[in-house]
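Protein sequences appear in the order of chains F and A. Position one of the first sequence corresponds to residue 101 (the working numbering), numbered consecutively onward. Position one of the second sequence corresponds to residue 1285 (the working numbering), numbered consecutively onward. Don't be surprised by glycine CBs; every beta carbon is placed ideally from N, CA and C.
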Amino acid sequence: MQRKSKAAFPLASLLALCLLLSACGGSNNAGNSSGSPESSGSAPTASGSSSNDKELELTLAFMGIGNMKEAGLVQEEISKITKAKINATVKLMPIDIGAWTQQVNLLLAGNEPVDLLVTSSFFNYSSQVAKGQLLPLDDLIAKHAPTIQDTMEAAIFNSTKIGGQMYGVPSIRDTAADHGISARKDLMDKYNLSFDNVKTYADLDSVFQKIKDNEPGVYPLVQRSQALTVASEIVRGHIDSLGDTPGVLIIENQDLKIVNLYETQLYKDALQLARKWYQAGYIMPDAATTQEGNNSLIKAGKGFSYLSNMKPGFAAQESTINGREMVTASIVPPISTSDSGTGFMISIPKNTQDADRAAQLLNLLYTDKDVANLIANGVEGKHYVDAGNGQIKAPEGGSNYVFNQWEVGNNALTKVWQGTSPDIWEQTKEFNKNAIFSKALGFSFDSSPVKTEVAAVLNVNNQYKAGLESGTIDPSKLDEFVRKLKDAGLDKIVAEKQKQLDEWAQANNVQ
Amino acid sequence: MKTNDMNQVAVHAIFILLAAFCLIPFVLLFMSSVSSESSIVNNGYSFWPKEFSLEAYTYLWSQKSAMFNSYGVTILITLVGTFVGLLISALLAYPLSRRDLPMRGILSFLVFFTLLFNGGLVPTYLIYTEVFHMKNTLMALIVPGLLTNGFFILLIRTFFANSIPVQIIESAYIDGASEFKIFIRMILPLSLPILATIGLMLTINYWNDWFNGLIYITEPQLFSIQNLLNRMLVNIQFLQQNNLGGQNMAVNLPMNAVRMAMAVVGILPLILIYPFFQKYFVKGLTIGAVK
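What follows is the structure in C-alpha cells.
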C-alpha cells in the first residue's frame, strides 16, 4: 500500500510535466515560424544575378483537385519549352486540397525546394506573408515579367498588395460573379417555362409551382451544400463578406461601413423567401441535413434547379458537370469582392532555389501560349483532341489529366473547350471589367485577434444557419440566433474587422 | 438451475446484440457499395437497395492501375514493416527482460519516455525530410511506424520476463548455446502468442496508416490504399464545407457507391487474415495486460 502511494507522486508529477510541456509546445511552434522572416527574406533575393547558366528543376506546387494521374507527361512537355527558354525544367507538384493547409505549412516550415506556389486568401495568404514565407514580387516582376499587368484589370492586379508590396499574382479567370439560377432544360421545355420575366428571386414562384404540380419526386429547388444555402445564395450577390467571419459590406452602398448581415433587411427578406419556398414544398424537407450536393441531385433526377454564382459560359460548364443540359438566368448583376484578386494567386515562396528563374517561369505561365495551354489542358492527343474551329474536346475514354483552370496562370491563352463559346475569354474580360467593384478589393481580414469569438460564433452558426437559411426553421427564430451570436462575441469581431478595414483603407488611400 | 439458464440467455442476448451492433455497419457498407447511384441519392442508404448495381466495382476496376498500385504499396509496407518492426521490438525487448542487463532501468525508462513524449509534427517532419531525405520514398511509410512502438516493446518485455522461466535460459547456456542461439531457438518459439499479437497490431497499424502518407508523400504512385481513400474523403468533405469565393470546382467527385466500394476493398484483406491470428490474439493480450 505504502509502495503504491510512493509511486503515485512521481507519476502524477510526470503527467503534470507532460501537460505543461505540450501546452508550451503550441506556442513554441508559433514562435519558430514567426521568427523566420529575417532569415528568409534576404537569402534568395540577394543573389540578384540573372544569368541562367546553371540548369535548374523548378517546382510548381498547386492544388491537385481534378485527375492528376498523368501530371508527369505534362511536366515533360512543359520542361521541353522551359528548357529552351529559361534553361530550367519544371516539376509539377499537385497537392490534394484536403491536405493543402497542412502540407503547405510543412513545406514552408522546411527548406524543400518549391519555386512557385499557389496561394489564396482562403488559405492563409496574409499569415504566410506575415511570417515572411513569401517573397515580395514588385522588383522581380518589373525585371522579368513586365507585361503581366496588362493581362488583367489593374484593380485586380494591385489587390494582392500587403503593406505596399505584392506577394502574389492573381490567376486570370472570372474575377467577378453574377448570381442567378440554373435549371434543367428538358423540364423547362416540357412545360414551356422561361426565365424571361424573372427579375427578382421572388419571381421564381410560378416556375417552381409548375414543376411541383407536374413532376412528383422532383424538387424544384436544391441547395449546393450545407454552406451554400438558399438564403445565402440570395444575399450573396449584394454583399462582400470579407472572409468567412461575420461583418459584411453592402456592395451597392459603395462604402466602408461594416454591418452585421443577420440584422439587415436584406437577410430577413431572404429568410422569409426561403421559408415560403420551403413551406410550399419547393425545397427538400431534409435540405438542412442532406449530404448530397446539387450536382448529384440533378444527375439523379431528384432536383430541378439551384441558385449559384455564375460567369460567362456557365450553362455549358454546368451541363457537363450535371450530365444534363442546363439553362441559366442571371438575376443579380456581376460584382467583384475583396477576395476577387487574392482568391487564387501564384507566389514565390522563400524556399525557392533561384527567385529570378522562378519569376521567369511565372512570366511564361502568363505570356507563353504553349505553357499556359499545357498546364490547363494537358498534352494534345492524350488529354484532349482537336474538335475543329480551334476548339478542343475530351479524348475517348476520358482524360487522366484534369486541371482546374482557374487556379494558375493566364487562362485566356488556352484553347477553348467544345460547347463553350469561342470568344469566352473576351466575354470574361468584359464581364470582369463591368462588375461593380467592392471598395474593399484586396482587403483580407486577419481573424487571429478574435480567435475565441470566431470559434464561438461558428458554434452558433452550426446550430442555426443551415436550418434558417434553407427555410427549415421559421424566421421568427432569427432574433434568438442574433442574440446568441452577440453573446458569442459577434460585435467584437465586427469592431475588429472595422478597425482593420479602416487601417487598410488609410494605408491604401481608399475612401 | 432455472436462474442459471435465465442468466445464460440474458448474457447471450446482450452479446448477440453487441455483436450485431458491430456487424450491422459493415453490412450496410457492403449493401451500399452494390446499390445503384440513383437509388442512394433518391432513397438514401438502405440494407436492401431498390436497385442493385455493380457499377461501383466496375468503376474501381476501370481504375485498376491506380488501385493495384496502392494495394501493392500497402502490402509491401505492411509485410516489410511488420517483419522488421517485430524483429526490432523483440531484439530490444529481450535484453530489457533480462535481469542481468546493466543500466536496465535507464534503458527501460528511455523506451517508456517515448510513450509520453514525441518531437511534435514539424520537427519530426523536418528530420525525416531534410536529414534523412525520406520525402516521397517508401521508407517514409515504413520507418516512422518502426520507431514509435514503445508500448509494444513493453508488452513483449513483460511476456519474456514473466512467461519464460530463467531456468530455461540457464540450462540452454549450460548446454553451450550462445546468447543469439538462445534467443532464436528458445525465446522466440516460446513467445509465439505475444509475437502473433504484436504482429497483428503492427499489421493493422501499417495497413491502416494514412497519416505518414498524407504528410510525406505527394507522388500518386506511392499512395497506399488507405491514403488514397482518406484523400478522397477529405477532399470531398472539404469541397462540401468550404465555399472558395463561390469558385466552381469542376470536379467529378466519386459517387457514394464508389466510396463504399473503396472502403470494402480496403478492409477485405484484414478481415481475411484476422481469423488466423485470433487464437493467439486473445492470449497475448491478456498476458500483457494482467502483469
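Item	Value
With DSSP as the reference, label residue 284 of chain F as helix, strand or coil.	strand
Restricting to Cα atoms, I'd like to know which of F:421, F:333, F:167 is closest to residue 477 of chain F.	F:167
Rounded to the nearest angstrom, how far is the Cβ of residue 84 of chain F from that of residue 570 of chain F, given a contact under 8 Å?	Coverage of chain F is limited to positions 101 through 611, which leaves residue 84 of chain F absent and any answer about it impossible.
Taking 9 Å as the threshold (C-beta atoms), are residue 220 of chain F and residue 509 of chain F in contact?	no
Give the DSSP-derived three-state secondary structure of residue 214 of chain F in the structure shown.	coil
Thinking just about the alpha-carbon of each residue, which of F:326, F:340, F:174, F:331 is nearest to the one in residue 368 of chain F?	F:331
Would you give the residue range spanned by the alpha helix (DSSP H) that residue 1423 of chain A belongs to?	1423-1430
By DSSP's criteria, residue 518 of chain F is part of a beta bridge. Which residues make up the other side?	Residue 518 of chain F pairs with nothing; no bridge assigned.
Closer than 6 Å by C-beta to residue 527 of chain F: which residues in its own chain qualify, once you throw out the five before and the five after it? Chain order, please.	412
Which residues, in chain order, does the stretch 1314-1330 of chain A contribute to contact with chain F at a C-beta distance below 8 Å?	1321, 1322, 1325, 1326
Since I believe residue 1340 of chain A is in contact with residue 1587 of chain A (beta carbons under 8 Å), could you give me their beta-carbon distance rounded to a whole number of angstroms?	Any property of residue 1587 of chain A remains undetermined from this structure, which presents chain A solely from 1285 to 1575.
Select from the stretch 1412-1426 of chain A all residues with a C-beta closer than 8 Å to any C-beta belonging to chain F, and list them in chain order.	1413, 1414, 1419
In whole angstroms, what is the alpha-carbon distance linking residue 1374 of chain A and residue 1323 of chain A?	52 Å
According to a CB-to-CB cut-off of less than 8 Å, which residues of the stretch 451-466 of chain F neighbour chain A?	none
Determine, using beta carbons only, whether residue 559 of chain F comes closer than 9 Å to chain A.	no
Whose Cβ in chain A lies nearer than 7 Å to the Cβ of residue 396 of chain F?	1325
In the structure shown, what three-state DSSP assignment does residue 382 of chain F receive?	coil
Taking Cβ-Cβ distances shorter than 7 Å, what residues in chain F pair up with residue 1504 of chain A?	168, 169
Name the chain A residues whose beta carbon is nearer than 7 Å to that of residue 193 of chain F?	1502
Measuring only between beta-carbons, confirm whether residue 1405 of chain A sits less than 9 Å from chain F.	yes
Between the Cα of residue 236 of chain F and the Cα atoms of F:252, F:258, F:253, which residue gives the shortest distance?	F:258
Which whole-angstrom value is the C-beta distance of residue 242 of chain F and residue 1326 of chain A, which I expect to be below 8 Å?	Not a contact, Cβ separation roughly 58 Å.
Buried or exposed: residue 203 of chain F, going by 16 or more other Cβ atoms within 10 Å of its Cβ?	buried
So, under 8 Å CB-CB, residue 1482 of chain A and residue 1444 of chain A are touching, yes? Tell me the CB distance rounded to an integer number of Å.	Residue 1482 of chain A to residue 1444 of chain A, Cβ: 12 Å. No contact.
State the Cα-Cα distance for the pair residue 161 of chain F and residue 200 of chain F, rounded to the nearest angstrom.	10 Å
Which value, in whole angstroms, describes the spacing of the CA atoms of residue 1458 of chain A and residue 1512 of chain A?	54 Å
Give me the DSSP bridge partner(s) of residue 486 of chain F.	F:492
Please look up how many angstroms separate the CB atoms of residue 557 of chain F and residue 589 of chain F, rounded, as I've assumed it's under 8 Å.	7 Å
Given a limit of 8 Å on CB to CB distance, which residues of the stretch 1331-1358 of chain A reach chain F?	1350
Please give the ranges of any alpha helix (DSSP H) in the stretch 431-510 of chain F, keeping only runs that are unbroken, at least 4 residues long and fully inside the region.	455-467, 469-477
Across the stretch 304-316 of chain F and the stretch 447-462 of chain F, are there enough close Cβ pairs to call them in contact, namely three or more that are closer than 8 Å?	no
Would you mind reading off the limits of the alpha helix (DSSP H) that contains residue 614 of chain F?	The first residue shown for chain F is 101 and the last is 611, placing residue 614 of chain F beyond what the model contains.
Under 9 Å, do residue 298 of chain F and residue 435 of chain F count as touching if we go by C-beta distance?	no
In this structure, how does DSSP classify residue 346 of chain F when only helix, strand and coil are distinguished?	coil
Out of curiosity, what's the CA-to-CA distance linking residue 1493 of chain A and residue 1486 of chain A?	10 Å
Express the C-alpha separation of residue 1365 of chain A and residue 1558 of chain A in angstroms, rounding to a whole number.	18 Å
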